[in-house]
Structures are given as structure tokens and as C-alpha cells.
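Contents: one structure, followed by commentary.
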Amino acid sequence: MKHDHYDVIVVGGGHAGVEAAAIAARMGAKVALVTMKLSTIGAMSCNPAIGGLGKGHLVREVDALDGLMGRVADAAGIQFRLLNRRKGPAVQGPRLQADRVIFRDRMQAELRSVNDLDLVEGEVADLIEEGGRITGVILGEGQKLSAHSVILTTGTFLRGVLHFGGETRPGGRMGDNASTRLADRMDSFGLTMGRLKTGTPARLDGKTIDWERLESQPGDEDPVMLSFLNTAPEARQIACGITHTNAQAHDIIRENLSRSAMYSGNISGTGPRYCPSIEDKVVRFADKESHQVFLEPEGLTTDTVYPNGISTSLPVEVQNDFIRSMKGLKQVRIEQPGYAIEYDYVDPRALTRNLELRDVPGLYLAGQINGTTGYEEAAAQGCVAGRAAAAAALGFEAPEFSRSTSYIGVMVDDLITRGVTEPYRMFTSRAEFRLSLRADNADQRLTSQGREIGCVGDERWQAFSEKMERLEAGRIMLSQSKYPVSALIGVGANLNPERPAKTGLEALSLPEVDFSVLAELDPSLQEIDPRVGEQIKREAIYSAYLDRQERDAQTIAKDESRRLPHDLDYGTIPGLSSELRFKLERHRPASVGEAARIEGMTAAGLLLLINTSRRIAA
Amino acid sequence: METIYALATARGRAGVAIIRISGPAAHAAGEAMAGELPRHGRGLRRLRDAQGDLLDEALVLTFDERRSFTGEAVVELHLHGSRAVISAVLDRLGDLPDLRPAEAGEFTRRALENGRLDLSQVEGLADLIDAETEAQRRQAMRTMSGALGQRAEVWKRDLLRAMALLEAVIDFADEDVPVDVTPEVEMLLDRSADAMRREMDGVAAAERIRDGFEVAIIGAPNMGKSTLLNHLAGRDAAIISDVPGTTRDVIEVRMDLRGLPVTLLDTAGLRESVDQVEAIGIGRARERAAAADIRLHLVSPEDFDTALAGPDDLVRVARSDLHDADPRGISGLTGQGVPDLLDELADRLEARSASAGVAIRERHRVALREGLAHIARCRELLPSGGIAHDLAAEELRLAVRALDSLVGRVDVEHILGEIFSSFCIGK
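Chains as they are written, first to last, in full-length UniProt numbering: chain A, 1 to 618; chain B, 1 to 427.
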């Protein structure tokens, strides 16, 4: 059943597309998701893992908004690891390896179960533009679909080119066509475009790997789920193998560098520094004799193995040679060679905080098209664009994501104020409010707000509300209970014995006092669910820093409330240097806070903007 | 955007007076008075009023916005320094469209706003203009040339490297990064903290160089304190009489001692007094003397005892002219012992000012102290291992932010850049 008019049309069925379509539909918008092949919705094109440091935070935030990624990944998870388990909770990142098939099937089933979401197979060849707005799409066969707004999530498909050594061919991903016609249309908007590259390693046949000779990496004993709604894995759990590159492999790579797409000058795009190809690693870190390679099974029903750490664009036979030189891989069969892909992206500084193109109203962009990399980054942007497009169609404005309350806000702000010079990936170090923006409290930061705008369903809201009640009751109990310092010293706390007794909350802020320790000391605390107790402990660790972060967050909020109109004539601001004026005209920050993050901004310049903003508001 | 103008040299009669015009209409204003402006930035021109009558013959300098002090188009008129010429030219400028007189400090403010100077350079400039002595001039020059900013950059480089190391083990925990970065982080923190502490400790001396050292002359009444002050000042700054208790308020005289600014304080003679006003004066004398950098005690020969004096005190036998030129003595009347005294004072003050660095203000000291406190806290958190790395990193971020209040700002991209150039990231 197809409508002739939608509130939101989403183009693309990757991680950004599915979240954008699903969040808009949850909010009550009529949505169509258009993709070239329905069967590839929810495909994981690169490594079969979700989450990680910074990325795990994003997944939790998508989940807090009742998004799909966390739940679907948990269902497909075949190995769970909490990264940085031995570091503070603010920098712990839940990660899992997913069975590709389960992930894809679950994702498709989830989408089919959403009301008012039509899945449409077809290539979007063009956009409909009416009265200065994008109002729909034209499919390859000429069929028109109209909408209040359109979200493009075309990933690497815009003028995508695959490189296998010296060989190149157009394509969005192995086995899929690139979107060239849409790319031509994008050209007509006069946007600043750039070119990025990314790579993927060969896929190996697991049956031909000598697992016996390899070190094995199991998952965690007490797996941590990505979704707040889940408590345990569904799928059977597996271990990964670990091998290493060696001098022989490095020699082979070095001798064939001129045949690598990246080193022969065939690729103009910039690749990420943090996910270098093996060629890059060998050249840039020449003194390192060996690099770790994780052998990650792609699922329970397949033998395909993803060798994490050796993405490459060398010719197929060279890949074969250097891979076979490694321990455990002497006899390995390559199922599919590694390759590099180059694609167009739009300079994200052309976007608003809602990821709508400032100069093309009604057109939103999310995912790799904005210069990011990663499933999680894409999914989070899908939420931003889908939420805003649905709100606009339904006639209200959703509050913006801020740097001080979410990693999503950090990412959007980084993208639209700084742009990108390499594929953008999330790191915890990007978040200056890292101590308060934790993966463990994403629901406490975002779920209420999500409920208000209608994207959080009843089941999650109920679970969240109950959790909040339990947390509150636990906090009250712990703030009223008192423990003599001698008792705390008895359990290992480093305290001055002269000090007065501490409340339970104060005691938990000590590194040596875990909730379980306190509950042993005081059996009445056993009323508190241990998971609630552990959450209160996580909050207590950072209590000393939260006041300051709160103050900083208020400063940011204040700076962001100082709006700067989009059409502000910077030439009329006295005292603004021509260099700053040029930068401001280029970025067109929406607020003083945004302007402050533009590179090269000076304190004096900000002062002028604050005055200008005040004058305009008056 | 308004164009501003003002007399840039001191008011009053002088050989040359300079009027500075800055802003988009500066060149037009120059042309309105001088006709065609010199093509190579300087030339002799006749300045005329609206009727075409000659105002003065002046050296006219022009600067484009890339090369001027304010970062705007600037014209300077070097006039003959007569009050009448100056006021006629200023009047003429006031009649031109789009021009207004500059407010106090406005040229410097524009330089700051246009990024030509940073905040510490502006402070240095203000001090340079106020400098009276050679030591003050040297200190202000160092600050104005951006020396504080350069030092802060060096400390910040160490802190950024330390942050990059910590962030690398946090954000790339599952990659090929060094496992234990603590020794290098500790070395970097200690190195920057030592340098910052030295700089902070020098602020007191630097403030003295800027504001002047105080030397208090104290002693019983009628010991010739005021006579000595007048001798040193070379004028009758204090009233002298044979009546004990003549000096009641604290009298200050500024002098230049080997380039160091020194304020001499003449104080009421110390004694038990029934006179209420004199008693207040004596109280004040004790207070000021206690706060002074050096106290010069004038005593009678029988009271002479260097053991009474603290390390910052000098003792001399007063009125040596009455005591057959006592070798320990000093006399404001004959000048006996004065050169020796000045030498000793100067030696002591020079030793103190040697610790002065380029941080010269309380604001700098506060920023340094805050930065040091965060570094110290980070240092305490490090040995607890990975569990507190996030807190340690937060302390470093706050330390860097404290340094930022001295200079520019830091960017997460800088940290990531440092990480990526140092380690092989990416599995």
C-alpha cells in the first residue's frame, strides 16, 4: 500500500536511513523509505561490529530515543565486550560483534512492523523542487513521490568508485551500483563537495584458517548489552582469533606499494588517520615489526571471517601473498578481496543543527554523505534528521541536541561548525562533558525528552519510569544512611579517622567503596537492586566534577541562547576583522556558542558577536 | 564601521605632535586635508582647512590594514607640536564625515579585536607606555613582544602531549598503543609544573618592578629621616624642623635606582605620644614600614645593633655629621654614607627583581596557580592506574584551560593530531 503523499521520504536503507525512517514513523509521521534493493536494508558493509569507545555512547543514545540499533545488535550479538572495563565508567564503551544475517533480518522485521512506514524499492533519480523547497523524489522509472521533506542517507553511493589495486569500477559497495544521477542533481545546489576514501579488508574462509595455532579472544563473562531494555544475549557466543603481521608480510606490502590504489595516485580522497590501511601502517610506522590482526567470524551460520586491521587496496594476488604469510593463515582462501572506496560527501558546514541543508529547505542529509564514518555515527545522524523532519511535517520544533547533554550533540556541532578533513569518527575525547555524558546514563539524559516529542514508545517509557523510581528511592536511602569512618577504613578506604561519619552517597564516591562492599557493611541496603546500586556508584564517582561541568554546561547553554540570525550582515559589525568576517560568513553560526567553536575565533570577536546578538534581541 | 582619530602624543607644546586616524575613512580623511596621499607610505604634505588655508606642513604616513597597529587603514599626521596647530587639525578632522574622536584606549582595543595583539601583549603595551625606569621598560617590552604567550605555549605543548598520551590509552584501548604511559605523563607534568611555578613565584617581583619597591625610613623622632629623604629626592619634599614629631603623615618620593622604580617613605618618628594626630601618624608609620620591601632604621650610635634588624632591614647611625663621621653613619646634611646606602639598596632590590619573569600581573598569577592546582591533582590521580584516567584527563583539560586564559584556546583536534602522529592507531 503506497501513499501518494508522505510527511518524510528517506532515501537509503543503511544505518542512517533505517533510524531516520523509524524515528519519524514513531513520532506519527507518514514515512517512505526508498532504497535500491530492499534485501540490503540493514546490511553491515564493513566490519561486523557495533559499538566501541565513543560509538557505544552513540548507540546508547539512539537506544534512549527508542531507536533500533541497540536492540537489533543485541539480538545479533555473538561476542560482547565492554571496552575499558578497568577504567572509569565515563570512558567505558560497550561493543559487540554481530551475526550479519541475524542483524539484517531483525532490522528488516523491525521496519516492517512499524506503522505508517512504507518500504519502497527503486532508485531515486531526482528530487522534486517546488517554491524553493524539496517536496519529493522521482524514481528511476519516472514515478513521483511527494513529501513535506526528504532525507538523503546515501552513504558511499554518491559517485562511489571501488579500487582493487590498479583496477577501478564505479559502485556503492561490493555488488551494488553507485548513485550517479542523484550526484548530478546534488551538484546543481552549488554545495561544497569533497571526496573521502575508506577501505575494507579481504574476507576469509574460516574453514581454511588454522584456529588451533592462534591465540583466542573470548567475550566478557558478564556481557553488557547495548540496549537499556536487554539483559542477556540471545545468540550463541563465540570467540575471535588473534594473529599478527610479520616482517615477511611487511616486505611483500612494501615491494608492491606502487600497485596499491592509494599509493599509485589513483585515489584523491582523504582517508581516516585512525583506520589506516595496512599499506599506511607499514609506511608510517616503519619501525613497528608487527601489527595485531583480529579474526572476527561474521556470524553463526557462515564461515566468513573478517580480518580486522588489514584493510587494503593492493591487487588481489598481493593480498593473497601477504595474508598467507601470517601465522594460522598459510592455507587461507580469500572469499572476497579487500578494496578501497572513494565517494563524494557534502561539506557539513552547509547544514543546520537539524542536518537540513540551509540553502535547500526540505532536504536533510544524514550519515556518510556528511563526511562521517561508522554505523553508529550514521544511526545517530539518522535520528537527528528523522526527528527534525517529522517534527517539521507535524508542525512543531524539536529541541536541538546540545554538546553538553549528548554525544549526538557533540557530533552535530563538530560537523556543522568545523566541517571534516577526514572521515569523522566519534571518540570520547571529543566530548568536553565526558564525565557527565556516559553510556550508562544516556537514558537519563534523553528518554524523557524523547517521550515529550513522541519518539519513545510505551514499553520503553514504562521500563524507564520504573528504573528512575528505583534510582530515586536508592539515592534517598543512601543519602540518609550514615557510616562511621572506621567502618569505611575497615573495607579499605583511605580516610582520616578523625573525620565525621559519611552518608552512603559520600561513601560511594570513594574509589575503594563499591556498592556491593557497602551492602555487605549494611544489610538494609540489600533492598536496593544491585544494578541500581551500581548505577548510583557510577554517579557518585563523578559527583565532585559534576558541579563544574554543570556550570560549564550552563555557560554553553547561555552562549547558545544568544542567537545570530542566518542572514546577519557581518560587514555591519564594527571592529570585526576581515578574516573573522570571512569565516563567520562561511559558517553562519546559529548562536554565539557555535561561533566560539569556529577555529581561529578570538575572544574579542566573540565579545562583538555577543553585543550584536544582544542588540538584535532587544 | 566608524573611523576614529586622536592625538597620539602628549598634550602641550613639543617639537612634534602626532595625530592618528584609524578606520575605513582614514585615507579619505587624509586626502581631504593633504590632497593626494604619499604613494610609498610617507611624504611631506601641506595640510589645508575646508577653505584651502594652510594649517601646517606635516609628515604624512599611511598604513594599509595588514601593516597597521590597529589592523585597519591608518593615517598618521606628524605635525609641528604647537597647541594651536594641533587644535586646528583636530577641529578640521571633527568636521569631516564618518569621523569621531577616539575613546581612551580605543586604538589598542581595535588592535586586540583585530587580532594584532593578544591580551597579555595589550597589558605589556599599557605598561610600556607607563614605564618610567629602564627595568620597567625592559619588562614591559618582553611582555608586549608576546613572551608570556610563548612560554605558555611551551607549557601547553607539554600538557597537550600528556593529554594525548592519556587519551590514547582511553580512546584506543583496544589498539596498538603503549600500555603504560604514566612515566612519560609524569615527566611532562613535572616539567611544565616546575616552569610554571618559577614563573608564578616571579610575579611578585615583576609586580614590584611595575609598581615600584618601597623603602621605609624609620626611627625615633629627630633622627634626620626627613633630611635624608629630601637629600635623596634632591628637593624639599618633607618639612624639617627641630621640633620632634614634625612629620606626621607618610611622605612618598619616587626615585629611579639603577633602573628600578623605588618609592621612599618618610615616616613619623616612633615614640609614645600624647598628641592624638601624631599617634595616628605613628600607627600609620609602623603599618607602612611593615609592608615595605626594605626598612632603613636610623638610630643613635648607642642603639646601633644590627642583630635587631631583620633580613630586609638596613641599620645606619643617624646624623653622622654630629658623630665625627661615624663609618656606620649617614647624613642627609653632608651626604656622608649616601652613595654606599644607595648601592646597598640597589644590590638588594636587583637581587629580588632577578626572579621576575614575564608573568607580571595578579591575573597571570591566578591563572598559573589554578593551572598548577589541576596539574597537582592530575599527578595524584595517575598512580591509581587506568581507573582514574578519565578524571586525570579532566584535570589536565582544566589545567590547559587555565593557561588558555593567558593566551589562545585549545582544540580537541590538536590532541587527536598529537595522538595520530605518534601512534599507529587502527586495527
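Ideal Cβ placement from N, Cα and C applies to all residues, glycine included.
Beta-carbon separation (whole angstroms), B/Leu264 vs B/Leu232, contact threshold 8 Å
Correct: roughly 6 Å between the Cβ atoms.
Would you say B/His389 faces chain A, with C-beta separation under 8 Å as the test?
Yes, B/His389 counts as interfacial toward chain A.
Going by beta carbon distance, what residues of the same chain come within less than 8 Å of A/Ser313, once the five residues before and after it are set aside?
Taking C-beta separations shorter than 8 Å and ignoring five residues to either side along the sequence, the partners of A/Ser313 in its chain run His163, Phe164, Gly165, Gly199, Ser260, Ala261, Met262, Ile267, Ser277, Glu279, Gly338, Tyr339, Ala340, following chain order.
Taking 8 Å as the CB-CB limit, is A/Ala90 close to chain B?
The Cβ of A/Ala90 sits closer than 8 Å to at least one Cβ of chain B.
Beta-carbon gap between residue 428 of chain B and B/Phe107 smaller than 8 Å
Outside the displayed span of chain B (1 to 427) sits residue 428 of chain B, for which this structure offers no information.
Determine the contact status of A/Gly52 and A/Gly93, defining contact as a CB-CB distance below 8 Å.
Yes.
Can a CB atom of chain A be found closer than 8 Å to the CB of B/Glu167?
With its beta carbon less than 8 Å from one in chain A, B/Glu167 belongs to the interface.
Pull out every residue of the region 405 to 438 of chain A whose Cβ sits closer than 8 Å to any Cβ of chain B, in chain order.
Those residues of the region 405 to 438 of chain A placed with their C-beta closer than 8 Å to a C-beta in chain B are Arg418, Phe427, Thr428, Ser429, Arg430, Glu432, Arg434, Leu435, ordered along the chain.
In three-state terms, what does DSSP make of A/Leu568?
It is coil, neither helix nor strand.
If B/Val215 and B/Leu333 are in contact, beta carbons under 8 Å, what's the gap, nearest whole angstrom?
Not confirmed; about 20 Å, so no contact.
Span separating the alpha-carbon of A/Cys240 from that of A/Pro307:
C-alpha separation (whole angstroms): 10 Å.
Use the C-beta contact count for A/Asn47: other C-beta atoms within 10 angstroms, 16 or more gives buried, fewer gives exposed.
Result: buried.
Chain-ordered chain A contacts of B/Glu184 [CB-CB under 9 Å]:
Think of a sphere of 9 Å around the beta carbon of B/Glu184: no beta carbon from chain A falls inside it, the nearest being about 18 Å out.
Measuring CB to CB, does A/Leu139 end up less than 8 Å from A/Tyr6?
With contacts defined by Cβ atoms closer than 8 Å, A/Leu139 and A/Tyr6 do not form a contacting pair.
Note down the Cα distance separating A/Glu61 from A/Thr572, rounded to an integer number of angstroms.
One C-alpha to the other measures close to 41 Å.
So what's A/Ser591 in DSSP terms, helix, strand or just coil?
For A/Ser591, the secondary structure class from DSSP, reduced to helix, strand or coil, is strand.
So if I threshold CB-CB distances at 9 Å, which residues from the region 122 to 156 of chain A count as touching chain B?
Against chain B - using a Cβ distance shorter than 9 Å - the region 122 to 156 of chain A contributes no residues.
Based on the DSSP output, what are the partners of A/Ser146 in its beta bridges?
Under DSSP, A/Ser146 shares a beta bridge with A/His5, A/Gly136.
Under 8 Å by beta carbon: chain B residues contacting A/Tyr545:
Within chain B, the C-beta atoms nearer than 8 Å to that of A/Tyr545 come from Leu391, Glu394, in chain order.
Where do the N-terminal and C-terminal ends of the alpha helix (DSSP H) with B/Val85 fall, by residue?
From DSSP, the alpha helix (DSSP H) with B/Val85 extends over 83 to 95.
Can you pull the chain B neighbours of A/Gly54, defined as C-beta to C-beta under 9 Å?
Chain order gives the chain B residues near A/Gly54 as Asp171, where near means a beta carbon separation below 9 Å.
Best match in A/Thr302, A/Gly299, A/Ile334 for proximity to A/Val316 [C-alpha to C-alpha]:
Comparing Cα positions, the closest option is A/Ile334.
Could you name the residues of the same chain whose beta carbon sits closer than 7 Å to that of A/Ala380, not counting the 5 residues immediately before and after it, in chain order?
So the qualifying residues of the chain are Leu58, Glu61, Val62, Ile408, Met411.
Length of the line joining the Cα atoms of residue 639 of chain A and A/Ala22
Any property of residue 639 of chain A remains undetermined from this structure, which presents chain A solely from 1 to 618.
Does the Cβ of A/Lys197 have 16 or more other Cβ atoms within 10 Å, making it buried, or fewer, making it exposed?
Burial call: buried.
Measuring straight from C-alpha to C-alpha, what distance separates A/Ala286 and A/Arg254?
When rounded, the distance between both Cα atoms is 10 Å.
Just to confirm my understanding: we take A/Asn354, look at its own chain, exclude 5 residues before and 5 after, and list those with CB closer than 6 Å. What are they?
Excluding sequence neighbours, A/Asn354 sits near Ala388.
Since A/Leu83 meets chain B, which of its residues come closer than 9 Å, beta carbon to beta carbon?
Those are Ala173, Asp174, listed as they occur along chain B.
Alpha helix (DSSP H) runs contained entirely in the region 259 to 335 of chain A, provided each spans 4 or more residues
List check, alpha helix (DSSP H) in window: 278 to 284, 316 to 324.
Could you confirm whether any beta carbon from chain A is found closer than 8 Å to the beta carbon of B/Glu103?
Using beta-carbon distances, B/Glu103 does not count as an interface residue toward chain A, since no partner is under 8 Å.
Could you compute how far the alpha carbon of B/Val317 sits from the alpha carbon of B/Met255?
Rounded to whole angstroms, B/Val317 and B/Met255 show a C-alpha spacing of 23 Å.
Please list, in chain order, all residues of the same chain as A/Thr208 whose beta carbon is under 7 Å from its beta carbon, the five residues on each side excluded.
Only Gln331, Val332, Arg333 meet the Cβ criterion.
Could you give the first and the last residue of the continuous alpha helix (DSSP H) run that contains residue 432 of chain B?
Since the first and last residues shown for chain B are 1 and 427, residue 432 of chain B lies out of range.
Three-state class that DSSP yields for A/Ala98 in the structure shown:
It is a strand residue.
Using 8 Å as the threshold, is the C-beta distance between B/Val338 and B/Arg288 below it?
When the beta-carbon positions are compared, B/Val338 and B/Arg288 stay at least 8 Å from each other.
When the distance is taken between beta carbons, is B/Asp305 closer than 8 Å to B/Phe213?
No, Cβ-Cβ distance for B/Phe213 and B/Asp305 is not below 8 Å.
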